[in-house]
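Chemist: Going by the working numbering, the first residue of the sequence shown is number 672, and it counts up by one from there.
Heads up, the beta-carbon is just placed ideally off N, CA and C, and yes, glycines get one too.
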Amino acid sequence: MDKIKLATVWLAGCSGCHMSFLDLDEWLIELVQWAEIVYSPVGSDRKDYPENVDVCLVEGGVANEDNKTMILNVRQRSKILISFGDCAVTANVPGMRNMLEGSEPVLRRGYSELADNTAQVPDEPGIVPRLLDQVLPVHQVVAVDIFMPGCPPSADRIKATIEPLFRGDRPQMVGRDMIKFG
């Protein structure tokens, strides 16, 4: 039996969804019988996103140019893309900066107004990825196949979402246990 190539990606979010993924505990041992984790911020040293990924869980909103480049690459190289958690589905907490109406007010607030000693917005290329004017949910940048809300989704919801994919089935994203936000 060929294993499914599974990836997880972390964009603009708190990593709570990945912590919840780790809460799968002993089921992770069963998971590796069905899937090879080919890319993840949890336990992977790989820097480049691989080709031909079967399933990818994407945590976080799209907040900067690095996030945008990553999600475009992920979508191109993944068969099934799952918005993993409320930040990926709605932009959630990272999207709160959208109220400041653009990237300049965000940078000014974060680096000048709230600075202790040396108030200065970093302007050297590569220091801070260029912010998008708005934090976007993943589906506003690329097509999403499955939406898995939750802040974070419970381990049970994660398992119920990805386990059917190992059998070639689609998960049933219905009912409070599968689609409740928060």
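(1) Is the stretch 803 to 811 close to the stretch 725 to 739, with three or more CB pairs under 8 angstroms?
(2) Alpha carbon to alpha carbon, what distance is there between E697 and P835?
(3) Out of R748, A683, C685, L677, point me to the one whose CA is closest to Q704's CA.
(4) I need the straight-line Cα distance from P823 to M741, nearest angstrom please.
(5) Taking a contact to mean a Cβ-Cβ separation below 8 angstroms, would you say I753 touches M819 in this structure?
(6) How is I798 classed by DSSP in three states: helix, strand or coil?
(7) Measuring alpha carbon to alpha carbon, tell me which residue in I798, S783, V777 is nearest Q791.
(8) Pull up the distance between the alpha-carbon of D816 and that of T789, whole angstroms please.
(9) By how many angstroms is the C-alpha of K851 removed from the C-alpha of W681?
(10) Would you mind working out which of V745, K830, D840 sits nearest K718, comparing C-alpha positions?
(11) Between which two residues does the alpha helix (DSSP H) harbouring S774 extend?
(12) Measuring alpha carbon to alpha carbon, tell me which residue in D725, D827, V799, K739 is nearest V777.
(13) State the DSSP-derived secondary structure class of M844, mapped to helix, strand or coil.
(14) Roughly how many angstroms lie between the CA atoms of L693 and V724, to the nearest whole one?
(15) Which same chain residues end up closer than 8 angstroms to L785 when comparing Cβ atoms and leaving out the 5 residues on each side of it in sequence?
(16) Could you tell me the alpha carbon to alpha carbon distance between V713 and G773, rounded to whole angstroms?
(17) Looking at the structure shown, is L785 part of a helix, part of a strand, or coil, going by DSSP?
Modeler: Checking against the coordinates, here is how it stands:
(1) yes
(2) 18 angstroms
(3) L677
(4) Taken atom to atom, the span from the alpha-carbon of P823 to that of M741 is near 21 angstroms.
(5) Closer than 8 angstroms, so yes.
(6) In the three-state scheme derived from DSSP, where H, G and I count as helix and E and B as strand, I798 is classed as coil.
(7) Here the closest residue by C-alpha is S783.
(8) 45 angstroms
(9) 21 angstroms
(10) V745
(11) For S774, the enclosing alpha helix (DSSP H) covers residues 774 to 779.
(12) Out of D725, D827, V799, K739, V799 has the C-alpha closest to the C-alpha of V777.
(13) coil
(14) Answer to the nearest angstrom: the Cα atoms are 20 angstroms apart.
(15) none
(16) 31 angstroms
(17) coil
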